[in-house]
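J.: Can you keep this structure in mind? I'll have questions shortly.
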Amino acid sequence: MFRFIREKILPLFLASGLRTHQFAKVANVSDRSVLKAVTGAKIPASVVGKIGKALGLTNAELINYLEV
11 MFRFIREKIL
21 PLFLASGLRT
31 HQFAKVANVS
41 DRSVLKAVTG
51 AKIPASVVGK
61 IGKALGLTNA
71 ELINYLEV
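Position 59 of the sequence shown, counted from 1, bears residue number 69 in the working numbering, the numbering being contiguous throughout.
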């Protein structure tokens, strides 16, 4: 399980211009998973990857948005 750093990931979500349910469809994850990601709750690695891809992040870039 991983957590996004809220202060870093939130601007990327906002820049997408999509509402939570719209972004969830693009990322192929549940609305709840998107909400967890934005609030910094724990989410599985598979969801982290899908959200990162939907945000246009490479795996190398994605690491900078996760708590270690």
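Glycine included, C-beta positions come from ideal geometry on N, C-alpha and C.
Taking 7 Å as the cut-off, decide whether the C-beta atoms of K52 and A37 are in contact.
T.: Their beta carbons are not under 7 Å apart, which means K52 does not touch A37 by this criterion.
J.: Between S26 and A34, what straight-line distance do the alpha-carbon atoms span, to the nearest angstrom?
T.: Distance between the alpha carbons of S26 and A34 is about 12 Å.
J.: Where does I15 land, buried or exposed, given buried means 16+ other C-beta within 10 angstroms?
T.: With fewer than 16 other Cβ atoms within 10 Å, it is exposed.
J.: Return the chain-ordered list of same chain residues with a C-beta closer than 6 Å to the C-beta of A47, the five sequence neighbours on each side being excluded.
T.: Result list for A47: F14, I53 and I61, in chain order.
J.: Quick check: the Cα distance between D41 and H31, rounded to an integer number of angstroms?
T.: So the alpha carbons of these two residues sit roughly 5 Å apart.
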